Amino acid sequence: MDSGVCGESQASALTTQCADDGPNAIGSPQPGQPKRVAFKYYINQRNIECFWIEVNCVIRIPKHPNIVSFDRLVTDTIGDEEKVVGFTTAFVSGGTVDDNLDRLFKLKYLKQLTEAIDHLNLKLGVVHSDLCIHNLLINEETDSLQIFDFNSSFRLGDDDSDDPERRDDCDVRYAVFALYDIISRDFGDRFEGRYLPDLDPAEVLEMQTWKKHPRVRLDSDVTEYRRVLEAWVKDRRDSNTDNKKITQAIRWPPMPEITPVEYLGGMESRSSRLRQVLVPRGEPFLRWERPPSRHLPLHQGQRLLATGEVVGLQRGERRRG
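If you're matching positions, the sequence shown starts at 1 in the UniProt record's numbering and goes up one per residue.
Structure representation (structure tokens):
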């Protein structure tokens, strides 16, 4: 950790719950060819609840062609305790929709997005609640759109009508703005200073025309994208979602209470302690560090491990910087 040590995120409890309830395997890497994955970890104890929600959610989502799949938990050991540090998912080389303005955005990607949202909402009972162009990947190997980043997700029916970020219809509403942004690329300018959860999709759905950005490439007319989107939005609004009809709803346990640790000589109990307090006491903690930016980018043949260690440096060779 960079600034603190998280209190209790125990691999033993989390792994047991996930293994019992989840459709995805948890295990050690198998020998053979290296596999490229995306590694997500938390570095601040304030984010531990978001991490708990995300890892418990993604580990239970069955494999789906339009949802980035869970790979493995990443753990480390402090003393006799195994701690969850992060998790890996399949690596999607195409990057996000936001990364490449010039890439062709196909009509089938929109259809895949709406189908994936229906799968999450209506079959699994999960609301992603952060659907935007930087959370949508294009898998160039399968020529498909994939959703990722579930750290804001919640279970359908757990919505809070007083919180616009936690409404059951979040994904439908946000998909409207995502497509508008993909085509026009003026979402940031048009809605500058306004909070996305407070926006009404009617503001863009009722526009007479959507002006396509000159660099954006589509394989159908803008009107066809709007027709598909608007038909889906109408269908979702007309279908009164009954949570009891969600036959494959996934559930995950609430985050366990974090065991407080001594802080400032016992004057205050917190869920974390600073490394500068633990080092002089000789107490153990996880050392998940990143190399200084002056050591990046790496030389050809080097690898950066999840621990922050750089391996592969030849004898006598100096780092750049």
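Just so you know, even glycine gets a beta-carbon here, dropped at the ideal spot from N, CA and C.
Source: prediction; values computed, not measured.
Membership of Val84 in any alpha helix (DSSP H) is not indicated; the residue belongs instead to the beta strand (DSSP E) covering Glu81 to Ala90. When secondary structure is reduced to three states using DSSP, Ala249 falls in the coil class, being assigned neither helix nor strand.
Separation of the CB atoms of Ala178 and Leu136 is rounded to 7 Å, and the pair is thereby assigned contact status at 8 Å. Cα atoms of Asp163 and Gly157: separation of roughly 13 Å, rounded to the nearest angstrom. Check the Cα spacing between Val222 and each of Arg190, Met207, Ser69 and Leu196: the tightest is with Met207. By the 16-neighbour rule on beta-carbons within 10 angstroms, Ala175 is buried.
Around the CB of Asp200, fewer than 16 other CB atoms lie within 10 Å, so the residue is classed as exposed. Ser239 counts as exposed, since fewer than 16 other C-beta atoms from the protein chains shown sit within 10 angstroms of its C-beta.
Taking one beta carbon from each stretch, the region 141 to 153 and the region 207 to 221 have fewer than 3 pairs nearer than 8 Å; the two do not touch. Classified as buried, Val85 has 16 or more neighbouring CB atoms from the shown chains inside 10 Å of its CB. For Lys40, the secondary structure class from DSSP, reduced to helix, strand or coil, is strand. Thr96 has Leu137 as its beta-bridge partners, per DSSP. In the three-state DSSP reduction, Gln208 falls in the coil class, being neither helix nor strand.
Bounds of any alpha helix (DSSP H) do not take in Phe191, whose DSSP letter is neither H nor E. Taking Phe191 as the centre and dropping the five residues before and after it, the same chain places the C-beta of Leu199 closer than 7 Å to its C-beta, in chain order.
If you draw a 10 Å sphere on the C-beta of Lys234, you find fewer than 16 other C-beta atoms in it, and that means exposed.
Counting C-beta atoms within 10 angstroms of its own C-beta, Asp181 has 16 or more neighbours from the protein chains shown and is therefore classed as buried. Sixteen is the threshold: when 16 or more other Cβ atoms of the shown chains lie within 10 Å of the Cβ of Gln112, as they do, the residue is buried.
Residue pairing of His299 in beta bridges, as defined by DSSP: absent, with no partner found. Check the Cα spacing between Pro197 and each of Thr209, Lys212 and Val172: the tightest is with Val172. DSSP places Phe51 in the helix class (H, G or I) of the three-state scheme.
Excluding residues up to 5 positions away in sequence, Asn56 lie with their Cβ nearer than 6 Å to the Cβ of Trp252 in the same chain. DSSP, reduced to helix, strand and coil, places Val216 outside both helices and strands of the structure shown, so it counts as coil. Between Tyr109 and Asn66, the alpha-carbon positions lie close to 9 Å from each other. Counted as a single uninterrupted DSSP element, the alpha helix (DSSP H) harbouring Arg236 occupies residues Val222 to Asp238. Ser144 sits in a strand when the DSSP states are folded into three classes.
Only residues of its own chain outside the window of five on either side were considered, and among them Phe70 and Phe150 have a CB closer than 6 Å to the CB of Val58, listed in chain order.
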